[in-house]
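Undergrad: Quick note: the sequence shown uses our numbering, first residue 470, plus one each step.
Cβ atoms here follow ideal geometry from the backbone N, Cα and C, with glycine treated the same way.
Questions regarding the structure given below will be posed in turn.
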Amino acid sequence: MEYQPLLKGAGRPSKLPTWTLFLAMCSAGIGGTFQYGYNVSVINAPTEHIHKFLNESWRERHQAALSPNMLTLLWSTVASIFSLGGLFGAHLGGSLAIRLGRKGGLLTNNSIAILAALLMGLSSPTGLFELLIVGRFLIGLNTGIGLCLQPLYIGEAAPKHLRGMMTMGSSIFLTGGILTGQVVGLRELLGGEKYWPFLLSSCCFPAFFQLLALPWFPESPRYLFIDKGDEVKCTQALKRFHGPLQYQMEMEDIQRECAALGGEKPKKPWELFADRSVRWQLITVFLLPMGQQLSGINAIYFYASYVFAEAGIPPEEIPYVTLGTGACECLTALTCGLLIESMGRRRLILGGYSLMTVWCVVLTCSLTYKTHPWAPYLSMASIFAFILSFGLGPGGVTNILTAELFTQSSRPAAYMIAGSMSWLSFFTVGMLFPFIVKGLKQYCFLVFLVECFLVAIFIFFVIPETKNKTFLEIKREFHKLNFGRTIPEHKGEVCERRHLSCEF
470 MEYQPLLKGA GRPSKLPTWT LFLAMCSAGI GGTFQYGYNV SVINAPTEHI HKFLNESWRE
530 RHQAALSPNM LTLLWSTVAS IFSLGGLFGA HLGGSLAIRL GRKGGLLTNN SIAILAALLM
590 GLSSPTGLFE LLIVGRFLIG LNTGIGLCLQ PLYIGEAAPK HLRGMMTMGS SIFLTGGILT
650 GQVVGLRELL GGEKYWPFLL SSCCFPAFFQ LLALPWFPES PRYLFIDKGD EVKCTQALKR
710 FHGPLQYQME MEDIQRECAA LGGEKPKKPW ELFADRSVRW QLITVFLLPM GQQLSGINAI
770 YFYASYVFAE AGIPPEEIPY VTLGTGACEC LTALTCGLLI ESMGRRRLIL GGYSLMTVWC
830 VVLTCSLTYK THPWAPYLSM ASIFAFILSF GLGPGGVTNI LTAELFTQSS RPAAYMIAGS
890 MSWLSFFTVG MLFPFIVKGL KQYCFLVFLV ECFLVAIFIF FVIPETKNKT FLEIKREFHK
950 LNFGRTIPEH KGEVCERRHL SCEF
């Protein structure tokens, strides 16, 4: 059946989101990507205290001291089990998005965070370090699900002209979580020896906040209409998210996409690999999350304390200066959110990787010639410049592209794949990075230079601009890459679907 427009002469789109959409973004973010940033950050402060706890609990249980190798193994398990939980969460997030909905999945996910907080809080009083390991796995599971569901929910609720700005909330809350974890982990707050169990279990507070706030907002309109077939609830949700005078254009776009899908059910991840119409989109969600994790941002944070010490900052003041790196990344995420609808996704992410390539060269030179009096200050400036470039490009735009490159039936599976690649890359960096630094020292940035340069080339030749385009228009952009020729726009989305099916 051909799609017919709902209303003619709809009101002009507003340049600012409604309060309902903005507050829904905040409610989803505080229990979503905020948890990821917060729990990545807070584990750094109590490292020495957790080592002491592992030694004491082992001695009480076995009446013998813990060997250095066993201590390293236990600590590595506590730290890396978070990534394993995140990997499982990425696979579970897509299934929850289909079965419970985007909002329903986020709300259910909070029970995992509360259970994780309880187990980590009880680990020290009971002397069971196993509870700490299980708790870290569960909070990793929670963040893996949240990283999948939050951008999915907001990306589907926002209108196309605000989709980039609203989805940037994922990065804003992620960097806000990192900064909050750095602040709360200071020794004057919860970073002391007595309070580290409270520090790790404080992840329950964002979960409680989301449980109180998110139920007041509607489910994703696209999920309600396309997946559930509930036009009445979809219309009600659109009116709340976009306003009673502005929702018609988005409703028309949802109807067009539903007609183009022709009742197609949500796909499984393995089904995407057999779908020629999403071949290059799939390659993109493989490479961009990997590029984001392997870009060298972890190396920057590793070298930050060393560079600050070389610049003459007293050791006891370095944790406070390190807060500047977290604040810098948070500020760039906010700036990216303001620029993304005017400059576009392609320009920001391409410029980010290009600038990061330059700063890798500068930082390698300044660390090589560190004996010169100007070198530490150039290194410090390069660190902040690299973080700024990362936040303006890869740190902010990557998640947005995952939401925009796929239609409704493929989007949850795409997030499962992108999340899996991101967590695998995160785990790989955690395992290999110490050896890379030990072997190459400051020249490790040459490895990241090559990686950033190759990703920039891929973006230049493959990724189109997606600003202010519908999901079907973006799919049409990729058709030439996937099939070797373009689709005439006048054929419409229904003909497009038939054409793609015949070609496949």
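Any contact of the region 731-738 with the region 929-937, i.e. 3+ C-beta pairs under 8 Å?
TA: Not touching, per the Cβ criterion.
Undergrad: Can you tell me whether residue 842 is buried or exposed, with buried defined as 16 or more other CB within 10 angstroms of its CB?
TA: Sequence index remark: in the sequence shown, residue 842 carries index 373 (1-based). That one is exposed.
Undergrad: Taking the alpha helix (DSSP H) that residue 810 falls in, what are its first and last residues?
TA: By one-based count along the sequence shown, residue 810 stands at place 341. Residue 810 -> alpha helix (DSSP H) spans 787-812.
Undergrad: How should residue 752 be labelled, buried or exposed, when 16 other C-beta atoms within 10 angstroms of its C-beta is the threshold for buried?
TA: If you number the sequence shown from 1, residue 752 lands on position 283. Exposed: under 16 other Cβ atoms inside 10 Å.
Undergrad: Using CA coordinates, which residue listed in 750, 551 and 693 is at the minimum distance from residue 612?
TA: On the sequence shown, residue 612 is found 143 positions in, with the first residue counted as 1. Per the Cα distances, 551.
Undergrad: Residue 566 and residue 881 - do their beta-carbons sit closer together than 8 Å?
TA: Position 412 of the sequence shown, counted from the start, is the residue given in the question as residue 881. Position 97 of the sequence shown, counted from the start, is the residue given in the question as residue 566. Closer than 8 Å, so yes.
Undergrad: Alpha carbon to alpha carbon, what distance is there between residue 722 and residue 969?
TA: If you number the sequence shown from 1, residue 969 lands on position 500. If you number the sequence shown from 1, residue 722 lands on position 253. With a pLDDT of only 41 at residue 969, under 50, the local geometry of the prediction cannot be trusted, and the value read off the model is given with reservation. C-alpha separation (whole angstroms): 20 Å.
Undergrad: Any beta-carbon of chain B closer than 8 Å to the one on residue 558?
TA: No chain B is part of this structure, which consists of one protein chain only.
Undergrad: Considering only the alpha carbon of each residue, which of 719, 582, 604 and 581 lies closest to residue 457?
TA: This structure gives no information on residue 457, because the portion of the chain shown stretches from 470 to 973.
Undergrad: In or out: residue 708 buried (at least 16 other Cβ within 10 Å) or exposed?
TA: Position 239 of the sequence shown holds residue 708. Flag for residue 708 reads buried.
Undergrad: By DSSP, does residue 513 sit in helix, in strand, or in coil?
TA: Within the sequence shown, numbered from 1, the residue matching residue 513 stands at position 44. Coil at residue 513, not helix or strand.
Undergrad: Can you tell me which of the three DSSP states residue 959 falls into?
TA: In the sequence shown, counting from the first residue as 1, residue 959 sits at position 490. Low local confidence applies: a pLDDT of 44 at residue 959 is under 50, so the model's placement there is unreliable, with the coordinate-based value given in what follows. Residue 959: helix per DSSP, three-state reduction.
Undergrad: Please determine, among 634, 854 and 701, the residue with the shortest C-alpha to C-alpha distance to residue 495.
TA: For the purposes of this step, residue 495 is taken as residue 26 along the sequence shown, with counting starting at 1. Of 634, 854 and 701, the residue nearest in Cα terms is 634.
Undergrad: Is it true that the CB of residue 925 sits closer than 8 Å to the CB of residue 823?
TA: Translated into positions along the sequence shown, residue 823 becomes position 354. Translated into positions along the sequence shown, residue 925 becomes position 456. Yes, the Cβ-Cβ distance between residue 823 and residue 925 is below 8 Å.
Undergrad: What ranges does the alpha helix (DSSP H) occupy inside the region 542-614, keeping only unbroken runs of at least 4 residues that lie completely in it?
TA: If we require 4 residues or more, the alpha helix (DSSP H) runs fully inside the region 542-614 come out as 571-595.
Undergrad: Quick one: grab the DSSP three-state call for residue 868.
TA: On the sequence shown, position 399 is the one that residue 868 refers to. Correct three-state label for residue 868: helix.
Undergrad: For the alpha helix (DSSP H) that residue 711 lies in, which residues bound it at each end?
TA: In the sequence shown, counting from the first residue as 1, residue 711 sits at position 242. Note, residue 711: alpha helix (DSSP H), 700-711.
Undergrad: Under the rule that 16 or more other beta-carbon atoms within 10 Å means buried, what is residue 681, buried or exposed?
TA: The sequence position of residue 681 within the sequence shown is 212, counting from 1. By the 10 Å Cβ count, residue 681 comes out exposed.
Undergrad: Could you pull out every residue in the same chain whose Cβ sits closer than 6 Å to the Cβ of residue 535, ignoring the five residues on either side in sequence?
TA: Reading the sequence shown from its first residue, position 66 is the one you call residue 535. Result list for residue 535: 524 and 527, in chain order.
Undergrad: Could you tell me the alpha carbon to alpha carbon distance between residue 887 and residue 861, rounded to whole angstroms?
TA: Taking the first residue of the sequence shown as position 1, residue 887 is located at position 418. Taking the first residue of the sequence shown as position 1, residue 861 is located at position 392. Straight-line Cα distance between these residues: approximately 20 Å.
Undergrad: The alpha helix (DSSP H) spanning residue 951 covers which residue range?
TA: Counting from 1 along the sequence shown, the entry for residue 951 is found at position 482. Note, residue 951: alpha helix (DSSP H), 940-952.
Undergrad: By the 10 Å Cβ neighbour count, where 16 or more other Cβ atoms means buried, how is residue 745 classified, buried or exposed?
TA: Counted from its first residue, the sequence shown places residue 745 at position 276. Counting Cβ neighbours within 10 Å, residue 745 comes out exposed, since fewer than 16 surround it.
Undergrad: Residue 715 by DSSP, collapsed to three states: which one?
TA: Working through the sequence shown from its first residue, we reach residue 715 at position 246. Correct three-state label for residue 715: coil.
Undergrad: Confirm, please, whether the CB-CB distance from residue 706 to residue 693 is below 8 Å.
TA: Here residue 693 corresponds to residue number 224 of the sequence shown, with the count starting at 1. Here residue 706 corresponds to residue number 237 of the sequence shown, with the count starting at 1. Their beta carbons are under 8 Å apart, which means residue 693 touches residue 706 by this criterion.
Undergrad: Check whether the region 672-690 and the region 561-579 are in contact - that is, three or more C-beta pairs closer than 8 Å.
TA: A contact exists between the region 672-690 and the region 561-579.
Undergrad: If you measure between the beta carbons of residue 430 and residue 765, is that distance less than 8 Å?
TA: Since the first residue of the chain shown is 470 and the last is 973, residue 430 is not available in this structure.
Undergrad: Provide the residue span of the alpha helix (DSSP H) that contains residue 842, from first to last.
TA: For the purposes of this step, residue 842 is identified with residue 373 of the sequence shown, where counting begins at 1. Run containing residue 842: none; DSSP gives neither H nor E here.
Undergrad: Could you compute how far the alpha carbon of residue 776 sits from the alpha carbon of residue 938?
TA: For the purposes of this step, residue 776 is taken as residue 307 along the sequence shown, with counting starting at 1. For the purposes of this step, residue 938 is taken as residue 469 along the sequence shown, with counting starting at 1. So the two alpha carbons sit approximately 43 Å from each other.
Undergrad: Could you tell me the distance, in whole angstroms, from the CA atom of residue 845 to the CA atom of residue 906?
TA: In the sequence shown, residue 845 corresponds to position 376, counting from 1. In the sequence shown, residue 906 corresponds to position 437, counting from 1. So the alpha carbons of these two residues sit roughly 19 Å apart.
Undergrad: Go ahead and label residue 488 buried or exposed: buried means 16 or more other beta carbons lie within 10 angstroms of its beta carbon, across all protein chains shown.
TA: Here the question's residue 488 lines up with position 19 in the sequence shown. Exposed is the call here.
Undergrad: Do residue 819 and residue 641 have their beta-carbon atoms positioned less than 8 Å apart in this structure?
TA: Walking along the sequence shown from the start, residue 641 turns up at place 172. Walking along the sequence shown from the start, residue 819 turns up at place 350. No, the Cβ-Cβ distance between residue 641 and residue 819 is not below 8 Å.
Undergrad: Using the beta-carbon count (16 or more within 10 Å), is residue 625 buried or exposed?
TA: Here residue 625 is taken as the residue at index 156 of the sequence shown, counted from 1. Classification of residue 625: buried, given that the 10 Å Cβ count is 16 or more.
Undergrad: So, with DSSP's three-state summary, where would you put residue 688?
TA: In the sequence shown, residue 688 corresponds to position 219, counting from 1. Here residue 688 sits in coil by DSSP.
Undergrad: Between residue 562 and residue 807, what straight-line distance do the alpha-carbon atoms span, to the nearest angstrom?
TA: Here residue 562 refers to the residue found at position 93 when the sequence shown is read from its first residue. Here residue 807 refers to the residue found at position 338 when the sequence shown is read from its first residue. When rounded, the distance between both Cα atoms is 28 Å.
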